[in-house]
Amino acid sequence: MTEVTPAIVIEGLENRFGDHVVHHDLSLTVRRGEIIGVVGGSGTGKSVLMRAIIGLQQPSAGRITVLGQAMDAPPMRGDVDIRSRWGVLFQGGALFSTLTVAENVEVPLKEFYPDMEPALRHEIARYKVMLSGLPAEAAAKYPSELSGGMRKRAGLARALALDPELLFLDEPTAGLDPIGAAAFDHLTRELHETLGLTVFLITHDLDTLHEICDRVAVLADGHVIAVGTIPELMASDHPWIHEYFDGPRGRAAAAAQDRQHARLDSSAQTKA
Amino acid sequence: MTGSCDFSIETAADGATTLALSGAMLVGTVGPVDRALRAAQVACDRVDIAAVGDIDTVGAWVVWRLARDAGATITGASDHAARLIAAVRGCDSDAPIVPILPGVWTRVPATIGQVVVELAVGMVGTVAFFGAMLVSVWGVVGHPRRIRMTALVRQMELVGVDALAIVGLMSFLVGIVIAQQGAVQLQQFGAQIYTVNLTGRLALRELGILMTAIMVAGRSGSAFAAQIGTMKLTEEIDAMRTIGVSPMEALVLPRVVATVLMMPLLGCYAALFAILGGATISAFTLDIPFWNFLARVQEVVPLSDLWVGLVKGPVFGLIVAMTGCYQGMQVSGNSEDVGLRTTLAVVQAIFMVIVLDAFFAVFFTKVGWV
Chain A
4 MTEVTPAIVI EGLENRFGDH VVHHDLSLTV RRGEIIGVVG GSGTGKSVLM
54 RAIIGLQQPS AGRITVLGQA MDAPPMRGDV DIRSRWGVLF QGGALFSTLT
104 VAENVEVPLK EFYPDMEPAL RHEIARYKVM LSGLPAEAAA KYPSELSGGM
154 RKRAGLARAL ALDPELLFLD EPTAGLDPIG AAAFDHLTRE LHETLGLTVF
204 LITHDLDTLH EICDRVAVLA DGHVIAVGTI PELMASDHPW IHEYFDGPRG
254 RAAAAAQDRQ HARLDSSAQT KA
Chain B
130 MTGSCDFSIE TAADGATTLA LSGAMLVGTV GPVDRALRAA QVACDRVDIA
180 AVGDIDTVGA WVVWRLARDA GATITGASDH AARLIAAVRG CDSDAPIVPI
230 LPGVWTRVPA TIGQVVVELA VGMVGTVAFF GAMLVSVWGV VGHPRRIRMT
280 ALVRQMELVG VDALAIVGLM SFLVGIVIAQ QGAVQLQQFG AQIYTVNLTG
330 RLALRELGIL MTAIMVAGRS GSAFAAQIGT MKLTEEIDAM RTIGVSPMEA
380 LVLPRVVATV LMMPLLGCYA ALFAILGGAT ISAFTLDIPF WNFLARVQEV
430 VPLSDLWVGL VKGPVFGLIV AMTGCYQGMQ VSGNSEDVGL RTTLAVVQAI
480 FMVIVLDAFF AVFFTKVGWV
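Each protein sequence line maps, in turn, to chains A and B. Using the working numbering, you'd call the opening residue of the first sequence number 4 and step up by one each time. Using the working numbering, you'd call the opening residue of the second sequence number 130 and step up by one each time.
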């Protein structure tokens, strides 16, 4: 068995807009099969980082390798298009507004596998819609008829259309009510376990970080200042990290997770 | 991500048939097998996937669907495959993927009815909008300090000054075409000197102002609809209302007043350039010297022609600007509506301008300004 290649390797990434340097000497490795959360203050370039990884933004310098494929090299003949191996959920869902949810899911399928039988494509669209936690009837709805939470799930269904190995989520729980956000976290975790996904998750939601992330990468001053589990991050002495995780909201999120674990433990004991 | 998918059908001694799938069952490889199995309509008692390598949810779905349709059991599933099949099994549905539309016999009358109702509502809405605008004009006249001079001057620049180049060029070219084509016809009677009458009168009475109105509808009317529509979507208009700023005063009035003021000026300017265009082409092809052409324009074009053009200017300006602002204010829902309303603003404005122009033509003839 050869060594498993990491999902994403970023080395010495630099992104600049004119004189404004967003990233400088940024390095990060995302392992296969983990959920990595990316946090950072507003304007630290979390979304720019994601856009650079998925090739929407040409970096000024540095190397990005995704699933063993260098992003700056032209694709080799016979290579499966790297874009069919990842799925992206943009912040607002970014659904095509003139297509129904099911048609949205079918777009990548049509693009990458035009020979596929239409009947199979429709079936795939239907079950992906339900797999993303939407009711079956939502398949025929247009994006404007959906609520914010449903739109995110529809965007997720499209991101999952090609059974990707790698899933990018840009602030998936932003703008959702706490119940909807918790449900989305649960869905992400469940899909991660069932489908064996690697998830690259940009978020401000401390509950999400505590609940589903295996590791957290902290972005500040243009590079990744720390990567690790939340207890590991707390052990570092960077003031921003402490302010972030040890602030009133951070403590509340940690306490909420402790309570939930306690509840699960006690219910497990009662059953035993 | 390599290797293709294949299938075989075996019948055991007890008569039970087994559909054995093998290879990689992935979104990229399962297509041909799916097609073949659909065409063959295989009946089987067992679906065996022990020889299947890589599998994703699409592969799992195909396995599950085959088993469901044939009433077969799935055997030989690995842990991973079993987990995926369990996941897709719970997502089985036959819900439609596009909204179900009523039949054409229902849809056509329904659409016609809808259009008629919308037309009526639109007319009432336009009149109401005009009324609301007059009320706010009255309010501003009572309190002149509420006039937004900065916005007004800015809009005058956008509507008038910024349009000078394109309106001038367009009119110059139209002047050339009128004079040249007119001369060709008049030459047959030896009356090419009347090219001056044709160009001069047409430019001042009709073309200058009409072409300008169409250009302003395309440039500014559409911009008004798009700007106000976008502000409506981003709730800027609601924010204004809650702060106590009237969108009518802050957004609509400066635009409408600026257009009403700039239209006669632009129309006059356009007529001037059309005459210059006519004079230029005449100098080259009709042997009428440039300055003679201009001098003759003074002799043959009555002053009433200028007035006809100038009277129409503010009216056309009012229509173009008001339609743009009205459609902008009607935007609701999504960004698609902004595009729709912008198109509607331009189309309606141009249509109404041309209808009114016909009305004016008859009117001025009747009152003796021929």
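Where a beta carbon is used, it is the ideal one built from N, C-alpha and C, also for glycine. All figures in this text were calculated on a predicted structure; none of them were measured in a lab.
DSSP three-state assignment for residue i, whether helix, strand or coil
i, result
"E139/B", "strand"
"M130/B", "Its pLDDT being 43, under 50, M130/B is placed unreliably by the model, and the measurement read from it follows with that caveat. Looking at M130/B - three-state DSSP - the assignment turns out to be coil, as it is neither helix nor strand."
"I479/B", "helix"
"F20/A", "strand"
"E14/A", "strand"
"H3/A", "Nothing about residue 3/A can be reported from this structure: the residues present for chain A run from 4 to 275 only."
"G442/B", "helix"
"V467/B", "helix"
"G183/A", "helix"
"A258/A", "helix"
"G160/B", "helix"
"S30/A", "strand"
"M4/A", "Model confidence at M4/A stands at a pLDDT of 41, short of 50, so the residue's coordinates are unreliable and nothing is read from them."
"A224/B", "coil"
"Q263/A", "helix"
"S270/A", "helix"
"V25/A", "strand"
"A459/B", "What sits at residue 459/B in the sequence shown is Gln, not Ala. DSSP places Q459/B in coil when its eight states are reduced to three."
"Q356/B", "helix"
Assigned exposure category for residue i - 16 Cβ within 10 Å defines buried
i, result
"V256/B", "exposed"
"T452/B", "buried"
"W105/B", "With chain B covering 130 to 499 only, the question about residue 105/B has no answer from this structure."
"W234/B", "exposed"
"D203/A", "With the sequence shown as reference, residue 203/A is identified as Phe, and Asp is not the correct amino acid for it. Buried, because 16 or more other Cβ atoms sit within 10 Å of the Cβ of F203/A."
"T388/B", "buried"
"M4/A", "Its pLDDT being 41, under 50, M4/A is placed unreliably by the model, and the measurement read from it follows with that caveat. It is exposed - the Cβ of M4/A has fewer than 16 other Cβ atoms within 10 Å."
"R198/A", "It should be pointed out that residue 198/A corresponds to Leu in this sequence rather than to Arg. Buried, by the Cβ-count rule."
"I184/B", "buried"
"A342/B", "buried"
"R197/B", "exposed"
"M130/B", "Note that M130/B scores 43 on pLDDT, short of 50, meaning its location in the model is unreliable; the coordinates nonetheless yield the value given after this. The residue in question, M130/B, is exposed, as its Cβ has fewer than 16 Cβ neighbours within 10 Å."
"Q310/B", "exposed"
"H23/A", "exposed"
Element boundaries [beta strand (DSSP E), containing residue i]
i, result
"M154/B", "T146 to M154"
"I205/A", "T201 to I205"
"R218/A", "R218 to A223"
"D173/A", "L169 to D173"
"I67/A", "A64 to V69"
8 Å Cβ cutoff met for residue i and residue j
i, j, result
"L170/A", "V42/A", "no"
"A189/B", "A210/B", "yes"
"L333/B", "A400/B", "yes"
"P228/B", "A143/A", "yes"
"P383/B", "Q459/B", "no"
"R34/A", "A10/A", "yes"
"A164/A", "P111/A", "yes"
"T202/B", "R164/B", "no"
"E174/A", "Q94/A", "yes"
"L102/A", "S135/A", "no"
"V230/A", "I244/A", "no"
"H26/A", "L52/A", "yes"
"S464/B", "M377/B", "no"
"I471/B", "G358/B", "Here the sequence assigns Thr to residue 471/B, which means Ile is not the residue at that position. Yes, Cβ-Cβ distance for T471/B and G358/B is below 8 Å."
Range covered by the alpha helix (DSSP H) that runs through residue i
i, result
"W89/A", "That residue, W89/A, is in no alpha helix (DSSP H); its beta strand (DSSP E) goes W89 to L92."
"D249/A", "P242 to D249"
"V250/B", "V233 to G271"
"V296/B", "L293 to Q316"
"L287/B", "M278 to V288"
"V429/B", "F419 to V429"
"A229/A", "Taken as a continuous stretch (DSSP letters only), A229/A belongs to no alpha helix (DSSP H), being part of the beta strand (DSSP E) at H226 to G231."
"I178/B", "Counting along the chain, I178/B falls outside any alpha helix (DSSP H), though it belongs to the beta strand (DSSP E) covering R175 to I184."
"A342/B", "G337 to V345"
"G350/B", "Note, G350/B: premise wrong, no alpha helix (DSSP H); not H, not E."
"I38/A", "First-last for I38/A: I38 to G43, but that is the beta strand (DSSP E), not the alpha helix (DSSP H)."
"R54/A", "K49 to I56"
"T324/B", "T324 to L331"
"T103/A", "Premise fails: T103/A is in no alpha helix (DSSP H) and is neither H nor E."
Residue i beta carbon near the ligand GTP (any heavy atom closer than 7 Å)
i, result
"T146/B", "Among the components modelled here there is no ligand, and therefore nothing to report on the ligand GTP."
| query | Where in the segment 361-407 of chain B do unbroken runs of the beta strand (DSSP E), each at least 3 residues long, occur, reported from the N-terminal end onward? | reply | none
| query | Mind pulling the beta strand (DSSP E) runs of 3 or more residues that sit fully within the segment 193-222 of chain B? | reply | 202-204
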